[in-house]
Structure formats: structure tokens, C-alpha cells
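To start, the structure under review is shown below, and the notes come after it.
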Amino acid sequence: MTVTAIRPDAPVPDQALGHFSAGFDAQAPAAFAELERLRQRGRAAFEAVGLPTRRIEAWKYTDVRAIARADFVLADQQGGHASPRGAELALALDAYRMVFVDGVFDAERSALSGLPAGAEVAPLSRYLSRGELPTGLASMVDERASAFTALNLAFTGEGAVIEVGRGVELDRPIYLLFVSTAAERAVMSHPRVILRLGDNARATVLEHFVGESGAANLTNLVGEAFLAPGARLDHYKLNEASEREFHIANFKIDQARDSHFSSHSLNLGGALTRNDLDAELNGEGARTDFWGLFFAQGRQHVDNHTVVNHNVARTYSNENYKGILDDRARGVFNGRVYIKRDAQQVRGYQNNANLLLSDRAEIDTKPELEIYADDVLCSHGATTGQLDENAVFALRARGIDQHTARALLTLAFAGEILESTQLPEIAHRVERRVAGMLPDRFNLEGLVELGE
Amino acid sequence: MLEIKDLHAKVEDKAILKGVDLTIAPGEVHAIMGPNGAGKSTLSAVIAGKEGYEVTGGSITFEGRDLLEMEVEERAQAGVLMGFQYPVEIPGVKNVYLLRAALNAKRKAQGLDEIPAPEFMRLIKDKLAFMKMDGAFLQRAVNEGFSGGEKKRNEILQMLVLEPKLALLDEIDSGLDIDAMKVVAEGVNSLRTADRSILIVTHYQRLLDYIVPDHVHVLIDGRIARSGDKGLALELESRGYDWILEGEHA
Ligand SMILES: Nc1ncnc2c1ncn2[C@@H]1O[C@H](COP(=O)(O)OP(=O)(O)OP(=O)(O)O)[C@@H](O)[C@H]1O
Ligand SMILES: [Mg+2]
Chain A
1 MTVTAIRPDA
11 PVPDQALGHF
21 SAGFDAQAPA
31 AFAELERLRQ
41 RGRAAFEAVG
51 LPTRRIEAWK
61 YTDVRAIARA
71 DFVLADQQGG
81 HASPRGAELA
91 LALDAYRMVF
101 VDGVFDAERS
111 ALSGLPAGAE
121 VAPLSRYLSR
131 GELPTGLASM
141 VDERASAFTA
151 LNLAFTGEGA
161 VIEVGRGVEL
171 DRPIYLLFVS
181 TAAERAVMSH
191 PRVILRLGDN
201 ARATVLEHFV
211 GESGAANLTN
221 LVGEAFLAPG
231 ARLDHYKLNE
241 ASEREFHIAN
251 FKIDQARDSH
261 FSSHSLNLGG
271 ALTRNDLDAE
281 LNGEGARTDF
291 WGLFFAQGRQ
301 HVDNHTVVNH
311 NVARTYSNEN
321 YKGILDDRAR
331 GVFNGRVYIK
341 RDAQQVRGYQ
351 NNANLLLSDR
361 AEIDTKPELE
371 IYADDVLCSH
381 GATTGQLDEN
391 AVFALRARGI
401 DQHTARALLT
411 LAFAGEILES
421 TQLPEIAHRV
431 ERRVAGMLPD
441 RFNLEGLVEL
451 GE
Chain B
1 MLEIKDLHAK
11 VEDKAILKGV
21 DLTIAPGEVH
31 AIMGPNGAGK
41 STLSAVIAGK
51 EGYEVTGGSI
61 TFEGRDLLEM
71 EVEERAQAGV
81 LMGFQYPVEI
91 PGVKNVYLLR
101 AALNAKRKAQ
111 GLDEIPAPEF
121 MRLIKDKLAF
131 MKMDGAFLQR
141 AVNEGFSGGE
151 KKRNEILQML
161 VLEPKLALLD
171 EIDSGLDIDA
181 MKVVAEGVNS
191 LRTADRSILI
201 VTHYQRLLDY
211 IVPDHVHVLI
221 DGRIARSGDK
231 GLALELESRG
241 YDWILEGEHA
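Right under this line is the structure:
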């Protein structure tokens, strides 16, 4: 990520502030002074930096003016959605579950009983109502990094706090379901996810974003994960937001010695999606794996910015992002691998492959490798192509029609990422979505089921 | 069943087929032999409908339909299947996906429902066993990392599952060891019925010991220069092609 110098004296145009100032004033007062100070810090940062324009390198390809123009309100904190239709999209996953509807915690639909001793999972609001700020909150993600991290801090109120104590291995995944509803007025939510894993602790966490059709809300998430020595976190993000949703996420991981972080960022939904994922490898033997899949069609826009900072010697990273773009969709991949001075014997691999299904689709891919050590193994590559017409012919020559042939090959392109998932329910969902989202309908469902 | 009349085709402005006439009746096995570059693969590609070949004259009818007017997949659904000389690797597409999608496409064209999964699996296991192929093949990507012989077996496996009316087999014997050739030949022979026809392209008489053809044709420079019975293949084996060329010029 390019660090943008903030000049607090420079005037920020009103438009760049959007309608958010009104939102600050409308927010219910903080219950305790420390929280109020935190929010003010966020507000000040936001007002100093303003919404990014495309003149800023990190936002060169992503235009957020539509967010500035929209007039988002905070959802009614009481919740009260009888049965959001998006909830039907929930995965049938045997998991500890937290459900948020338009950012508001829904206790009724959540299920957290049976957690092993040493593990604590609770909504952020529970901490705040006790007058307490959970450990780690706002300690890693800099609110001045972007307008969105600032906004998230300014609206600190809800989210998920997950603590897994030393040596504890969770028997089931933690499933965070974010449902966005199609309300009369577009709502915004600023969930914060805090994950703290003790020494050798182990957990799998899924963030799943779904939306009612037509929901045009803003979800602006900040995640902070702290991995103690030897901890292992498998993190999945499945974005199936509605075709009109704005989705912004900043997720940062602090990794101690011998910890292992694995990320799957699977993006299928949303009108505009921007993901920032940043791993800080701070202890020897730490390892991080970034897997990504983004599939956009229509006029969807999806922007992935990743950073891996090898801050010490003998740290390892492996990144593989695949993009599939159809119609007039636009994708961005910006992956930065940074190896600090004298961080020797680092291995860092990065790959980005993109498949363009239409000649009006567009991808901007930019790998950035910055190495300040000499004894390292690094590589990066980016490829963009179309489907292999010989393979299309080979399938058609067996009687498979054009569309199905192309769908099979598209699924095949995504296959590598899906096969690396440890939760079959997720791979299955993505396979079906990718198949179903391809132009024209065809029956691939039977095929998908058979493959298991 | 198949009637080819005065077929002319070119590739990138180069005339390859220069007036091919060939009639295949139901139940017949025809073999086409001929020197490298004569146009044998081009002929099967044009029948199958591969892009990049321009038909500049003549006609192909299959069961009374104008084959050249049909899409690639329509030809396959109608029962014309080509076994590739160089089977295409399709990374990431499992064999089982391809087989099921292909079989269902054919059934759909015939107005039938999709095949139920258990029935499909039984069918596949049966055919795999016949081709002496391991069940693990199903979960592997089509032809990816297959040995030359495995690729050819896989082509025949597809034929056994899809049961074409007309099978075009282009050098199905190349790259096979003796045992594999027997398995492949048995697979092809098991396809033989009174109403199914087979067109084999081969360079070697040996294959024709296993799959005995009703007719043998020699394709030279884009034309069928000579036709005969299986005895012609034996003659070619001992005399090569030159004498046919000389005969033509005489
Ligand atoms: N795509 C192409 N571009 C250019 N020339 C081609 C192409 N395909 C075929 N040809 C040419 O057409 C001629 C006939 O090729 P074809 O593959 O049909 O021969 P064949 O009889 O099958 O030969 P072989 O016995 O070696 O398989 C050859 O001269 C070949 O180089
Ligand atoms: Mg050939």
C-alpha cells in the first residue's frame, strides 16, 4: 500500500466527506469516555484525509464517488428484521455462529454455546456495554491509512471479538454471517473483527457476506488478527453481497514466531468491492498463505490490494490470486511483497492469473516486489488470458454446447483455489455460483455435485 | 450413413483436400492409410467440424443431413465422434465432468432426461473395467499428465460411453504398446454393431489385424487414390505408396 501523507491543513472538499458527517452527529453517544475518544480519533482522521480520489496511487483504479454521493444511515440498533431474506443464503455449516443484520448483532440467529474452555467469542457491543474496550481494538490498523479505516473507527460499535487461549484448538469453525437487507434507505455498517490466538492455538473463521437482492448498503469492515507463537488461523472470506452493495474491508494480521495464517478471499458479489489484506510477519518461522478468487460480471468492480511484509528472517509467504472477469467488469490486483533489510532466507511467492471472458472486461494487475536482503527466494508472475479454444473445441466435439464448455473451463480455472479450501461447503457454494453466474443458463449443478 | 462427395478443403489458403469421395454404409469399418501430410487428419477434422478448415467445394451428408451446416456439438450429439490424433489436455476439468456433460448433452438432444447419478456411475465403472483403466482416472483432469497410451485409451473410453453412430479414429494406435493396442482394439471392436460405422486412420497394418476393416482407402495428396479390401493394407505394408503414385501417373 502506498502511504499517503496527510496534510491536516489541506482543505478537504465537502464531496470527499460525503454525507458521513451527518452520520457522526446522528450516532448515539458513546457510553464511556474512552470509546468516545476512540471515535473522535476516527472522525478527525476521516475529516483530515477525506474519501480517496483516483489521484491517490492506492486508489488509482477504484472510484468511490458513488459512495460519497450515497446517503447512508446507521441501521436501527434495535435490529428488528423479522426474517431477512438474505439469511437463506447462509451456509449449512456445523459451526459457532454469529449473525449480523445490517451490522447489528442478531442474538437469536446466533449460536455460540459449547465453546471449549479458553475460547471466548462475543459481539463487540457486549464489551462496549460493559464499558470495556477489547484488547487489540484499533491497535494495529491505522485509522489514518484510509478514509475507510477512519470511518470504521469513528463508528466503533459492533463486530466480533474472538479470543482463543493458549493451546486451545477450536473443534468447529466460527461463522460470521453478515446479512445486508434492502431497506428503504441505504444503511452503512462498520463492523470490527478482532481475532486473538494464543500460543499454539488454532481456529478457522469464516466471514460470509450476503445480501437481499437490491440491497445497496455500505459494509466497511476492519479486521485485526493477532497470532501468538505457533498459532494457526484459517481465515475465509466469502463475499456474496448483492449486485448493488458497496463492500470495503481492511484486514491486517500480526504474526509471531512459527505462526501460520491462511487466507481465502473469495469475492463474487457487490457492485464495488475493495479488499486490503496485510500480513506482518514479525517472528521467524511465520508463514502466510493468501488465496484469492474474484469473479465479476456486469459492471461489478473488485479491487484487491494485498501486502506481505517480511519483517524478519526465515519467514514465508505464498500468494495465489485468480480473477475471472466477464461483461464490462473490472478487476484490480495489487500485491506487494516487501522484504526488510537483512531479512535473510525468506521465501515469498506470488502469482496472479486472470481470465477475461469478454473483450470489454478489464484487469489491472500490479505485482510489487521490494527486496532488501540478498539471500532470499522470491518470484512473482501475472498472466491474463482467455479460454483455450482448443479445449473448447475438444469439449464441443464431445457434444457439449459452447456455454457449458466455457463454464466447465472457467470452473477449471478457479479449481486450484477451490481445491485449497478446507471447508467443502465453501468450495461447493463458489462452484455453483461461478457456474450459475456465467452467461446464459445451463445445468452444471449435477456436474458439480458429482465431483465430490 | 456417411456420404462425402467431391470434398475440397483448404487450410490457411493451402488446398489440402482436393476432391474426396467416400461412402460409408451402416455397420462398415473403413480404414484410411496414406503418407504423412496427405490430408487424413484434415478429413476427420472437417467431418468433426473443427474451425480453421475452409470447405471450398463438395458435400458431406450424414444420415441424410447436411453435416457441414451443423455446429460441432450438434454433429457429436447426432453421433459423429472424433477420436483425436493428439488428445487435448484440459487442465482442471475432471474426466467424470466431461463424460457426464457429454452424455447428458447427447440425451438431451434425443429428448431424454439426464442420466441419474447411480446409473451413470455404474455405466462408467463398467466401461473403465473394460478398458482396463483405474477408477482414479475419473477424478483426474482430462488427459493432463496422461501418458500417450493413456490418452488413447481415454479417447476410446469416451467412445464407449457416448456410443457414436460414426466413430472417426485418427491414429488411435500411435504410441501404444502391444498390450495397450489389444485393449484399444477390443474397445473399438466392442463398438461394432450392424448399424454403427467406424473410420480408422492408421499407418500400420498391425492394427488392422485386430480391427479388421471392410474397406481400405489410400489417401494421397488430398484424394483417394485407391480403394480395396483388407488385402490392400497388406500390399501397402510390403510395397509402400510409390507404386500407387506410379500407377496413377501411368
Ligand atoms: N493448421 C494448419 N496450418 C497449416 N497447415 C496445415 C494445418 N493443418 C494441416 N496443415 C497441413 O495440411 C497437410 C495435411 O495435414 P494432415 O494433418 O491432414 O495430414 P495427415 O495425412 O494426417 O498426416 P500424418 O500422417 O502425418 O498425421 C499437411 O501438409 C499439413 O502441414
Ligand atoms: Mg494425421
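Protein chains in written order, with this note's numbering: chain A, 1 to 452; chain B, 1 to 250. Ideal Cβ positions, reconstructed from N, Cα and C, are used throughout, including at glycine. Note that the structure is a prediction, hence the values are computed from the model and not measured.
Review point. By DSSP, does Ala435 (chain A) sit in helix, in strand, or in coil?
Key: Ala435 (chain A) falls in the helix class under three-state DSSP.
Residues that Gln77 (chain B) contacts on chain A, provided the C-beta gap is smaller than 7 Å
Those are Gly399, listed as they occur along chain A.
Does DSSP put Gly240 (chain B) in a helix, a strand or coil?
In this structure, Gly240 (chain B) counts as coil in the three-state DSSP scheme.
- Could you tell me the boundaries of the alpha helix (DSSP H) in which Glu245 (chain A) lies? Bounds of any alpha helix (DSSP H) do not take in Glu245 (chain A), whose DSSP letter is neither H nor E.
Short CB-CB distance (under 8 Å) between Leu162 (chain B) and chain A:
Yes - at least one Cβ of chain A is within 8 Å of the one on Leu162 (chain B).
(Q) Please list the terminal residues of the continuous beta strand (DSSP E) segment that includes Gly218 (chain A). (A) Checking the sequence shown, residue 218 (chain A) turns out to be Leu, not Gly. Run containing Leu218 (chain A): 218 to 227, per the beta strand (DSSP E) assignment.
**Message:** Which residue marks the beginning of the beta strand (DSSP E) containing Val308 (chain A), and which one marks its end?
**Reply:** Start and end: 301 to 310.
Using a Cβ-Cβ cut-off of 6 Å (strictly less than) and excluding sequence neighbours within five positions of Pro87 (chain B), which residues of its own chain qualify? Asn143, Lys151, Glu155.
Kindly say whether Gly92 (chain B), judged by its beta-carbon, lies nearer than 8 Å to any beta-carbon of chain A. True, the Cβ-Cβ gap to chain A drops below 8 Å.
Which class does Thr2 (chain A) belong to by DSSP, given the choice of helix, strand or coil? Only weak support exists for where Thr2 (chain A) lies, its pLDDT of 40 falling under 50; the value from the coordinates is given anyway. Three-state result, Thr2 (chain A): coil.
Kindly list the residues whose CB is nearer than 6 Å to the CB of Thr61 (chain B), restricted to its own chain and excluding five residues on each side of it in sequence; keep chain order. Sequence-distant partners of Thr61 (chain B) (beyond 5 residues in either direction) whose C-beta falls short of 6 Å from its own C-beta, in its chain, are Glu3.
**Asked** Between Ser41 (chain B) and ligand 2, is the CB less than 7 Å from at least one heavy atom?
**Response** Yes, Cβ of Ser41 (chain B) sits closer than 7 Å to a heavy atom of ligand 2.
Among all the DSSP beta bridges, which residues are the ones paired with Met188 (chain A)? Paired residue(s): A:Leu74, A:Leu218.
Q. Is Ile324 (chain A) near Thr410 (chain A), with beta carbons less than 8 Å apart?
A. Against a cut-off of 8 Å, the Cβ pair of Thr410 (chain A) and Ile324 (chain A) comes out as a contact.
(Q) At a threshold of 7 Å, does Asp221 (chain B) count as lining ligand 2 (C-beta to nearest heavy atom)? (A) No, the beta carbon of Asp221 (chain B) sits no closer than 7 Å to any heavy atom of ligand 2.
**Item:** Own chain partners of Leu340 (chain A) with C-beta closer than 8 Å, once the 5 adjacent residues on each side are dropped
**Value:** The residue you asked about is not Leu; residue 340 (chain A) is Lys in the sequence shown. Cβ within range, chain order: Asn309, His310, Asn311, Val312, Tyr372, Ala373.
- Query: For the segment 81 to 105 of chain B, which residues have a beta carbon sitting closer than 9 Å to at least one beta carbon of chain A?
  - Reply: Of all residues in the segment 81 to 105 of chain B, Leu81, Met82, Phe84, Pro87, Val88, Glu89, Ile90, Pro91, Gly92, Val93, Lys94, Val96, Tyr97, Leu98, Leu99, Arg100, Ala101, Ala102, Leu103, Asn104, Ala105 have a Cβ within less than 9 Å of some Cβ in chain A.
Specify the secondary structure class of Ile178 (chain B) as computed by DSSP and reduced to three states. In the structure shown, Ile178 (chain B) sits in a helix (DSSP, three-state: H, G or I).
Requested in this report: For Phe295 (chain A), decide whether its Cβ has a neighbour in chain B, counting only Cβ atoms nearer than 8 Å.
Outcome: False, the Cβ-Cβ gap to chain B never drops below 8 Å.
task: Using the Cα positions of Gly92 (chain B) and Phe155 (chain A), report the straight-line distance between them to the nearest angstrom.
output: Distance between the alpha carbons of Gly92 (chain B) and Phe155 (chain A) is about 45 Å.
Note to self: Taking the alpha-carbon of Leu238 (chain A) as reference, which of A:Phe178, A:Gly136, A:Leu51 has the nearest alpha-carbon?
What the structure shows: For the residues A:Phe178, A:Gly136, A:Leu51, the minimum Cα distance to Leu238 (chain A) belongs to A:Phe178.
- Query: Alpha carbon to alpha carbon, how far is Asp63 (chain A) from Arg54 (chain A)?
  - Reply: Inter-residue distance for Asp63 (chain A) and Arg54 (chain A) is about 6 Å (C-alpha atoms, whole angstroms).
query: Who pairs with Arg330 (chain A) in a beta bridge, going by DSSP?
result: A:His301, A:Glu362.
Practice item. Would you check whether ligand 2 has a heavy atom nearer than 7 Å to the C-beta of Asp170 (chain B)? Key: Asp170 (chain B) has its CB nearer than 7 Å to a heavy atom of ligand 2.
What residues from chain A crowd round Glu54 (chain B), counting only those whose CB sits closer than 8 Å? Neighbours of Glu54 (chain B) on chain A: none; closest Cβ ~16 Å, over 8 Å.
>> Applying the 10 Å Cβ sphere with the 16-neighbour rule, what's the burial state of Gly187 (chain B)?
In response: Gly187 (chain B) is buried by the Cβ-count criterion.
- Query: DSSP state of Gly230 (chain A), grouped into three classes?
  - Reply: In this structure, Gly230 (chain A) counts as coil in the three-state DSSP scheme.
* Residues bridged to Arg65 (chain B) by DSSP? -> Per DSSP, B:Phe62.
Task: Own chain partners of Leu169 (chain B) with C-beta closer than 6 Å, once the 5 adjacent residues on each side are dropped - done: Excluding positions up to five away in sequence, the list reads Gly83, Ile200.
- Task: Count the other C-beta atoms from every protein chain shown that fall within 10 angstroms of the C-beta of Gln297 (chain A), then say buried if there are 16 or more, exposed otherwise.
- Result: Note on Gln297 (chain A): 16 or more other CB atoms within 10 angstroms of its CB, so buried under the neighbour-count rule.
Worksheet item: Which term fits Ala250 (chain B), buried or exposed, when burial requires 16 or more other beta carbons within 10 angstroms of its beta carbon?
Response: Low per-residue confidence applies at Ala250 (chain B): pLDDT is 45, beneath 50, and the placement is therefore not dependable, though the value from the model is reported in the following sentence. The residue is exposed, with fewer than 16 neighbouring Cβ atoms inside 10 Å.
- What whole-angstrom Cβ distance do Gly283 (chain A) and Arg196 (chain A) have, given they're in contact under 8 Å? The beta-carbon distance between Gly283 (chain A) and Arg196 (chain A), rounded to whole angstroms, is 15 Å. This is too long to meet the 8 Å contact definition.
Next item on the list: Report the neighbours of Lys50 (chain B) on chain A: residues whose CB is nearer than 7 Å to its CB, in chain order.
Entry: Per Cβ cutoff of 7 Å: Phe393.
Considering only the beta carbon of each residue, do Leu207 (chain B) and Gln158 (chain B) sit closer than 8 Å? Not in contact: Leu207 (chain B) and Gln158 (chain B) (Cβ atoms no closer than 8 Å).
Shorter than 8 Å from the beta carbon of Arg433 (chain A) to some beta carbon of chain B?
Output row for Arg433 (chain A): interface = no.
Indicate the three-state DSSP secondary structure (helix, strand or coil) for Val205 (chain B) in the structure shown.
For the sequence presented, residue 205 (chain B) should be read as Gln rather than Val. In the three-state reduction of the DSSP assignment, Gln205 (chain B) falls in the helix class.
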